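For the sequence shown, the residue numbers in our numbering are 9 to 123. Built from N, CA and C at the ideal position, the CB exists for glycine as well. Keep in mind the model is a prediction, meaning the values are calculated, not measured.
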Amino acid sequence: MPRDLLKDLEICKKATPGPWVIAEEPEGSRFFSVIHGTAGVSFSGNRADNNFIAAAREGWPEAIERAIAAEELLVYVYPIVAGRVIQLQQAGEEKAAEQWNEVARKIYKAIEGRG
Numbered sequence: 009m010p011r012d013l014l015k016d017l018e019i020c021k022k023a024t025p026g027p028w029v030i031a032e033e034p035e036g037s038r039f040f041s042v043i044h045g046t047a048g049v050s051f052s053g054n055r056a057d058n059n060f061i062a063a064a065r066e067g068w069p070e071a072i073e074r075a076i077a078a079e080e081l082l083v084y085v086y087p088i089v090a091g092r093v094i095q096l097q098q099a100g101e102e103k104a105a106e107q108w109n110e111v112a113r114k115i116y117k118a119i120e121g122r123g
């Protein structure tokens, strides 16, 4: 089941604002923390997880917004491409029509499962 990008974006907006950073931990520490200012946001024994959490705070909302914009563009472009297929078919341009139809199928597949 596809993710609901608007709900995911809302989750991001409700979280503590960024940027989040990995706290400097003492040498040999097996416990790492992600902080915002002086407040701890996440604590883990896995530095890679905390690197992901800190990076996702800024990156995930941007990625979601870009995905939503791309989907909106595809929804706008799809009828234009589908119309071009019909024009080419009516003009007897079967090879070109099939190429455009393949583009239309890919666009449709990309937007068909959005939330």
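Original post:
Can you tell me the Cα-Cα spacing of R55 and C20, whole angstroms?
Top reply: 21 Å
Subject >> Element boundaries [alpha helix (DSSP H), containing G67] >> reply: R55 to Q98
Original post:
CB F39 to CB E33, shorter than 8 Å?
Top reply: yes
Subject >> A47 in three-state terms, based on DSSP >> reply: strand
Original post:
Roughly how far, in whole angstroms, is the beta-carbon of R65 from the beta-carbon of P10, given that I think they are within contact range, below 8 Å?
Top reply: About 23 Å; that fails the 8 Å criterion.
Subject >> Beta-carbon contacts of L82 that lie in its chain and below 8 Å, excluding the five residues immediately before and after >> reply: I115, A118 and I119
Original post:
Ordered along the chain, which non-local residues of its own chain (more than five positions away) have a Cβ less than 6 Å from that of N109?
Top reply: V93
Subject >> Beta-carbon gap between W12 and I72 smaller than 8 Å >> reply: The sequence given here has Asp at residue 12, not Trp. Going by C-beta atoms, D12 is not nearer than 8 Å to I72.
**OP:** Look at the Cβ atom of N59, then the Cβ atom of S50, and state whether they are nearer than 8 Å.
**Re:** no
**OP:** Return the Cβ separation of A104 and V89 in integer angstroms, given the expectation that the two are a contact with Cβ distance under 8 Å.
**Re:** Wrong, their Cβ atoms sit about 12 Å apart, outside the cutoff.
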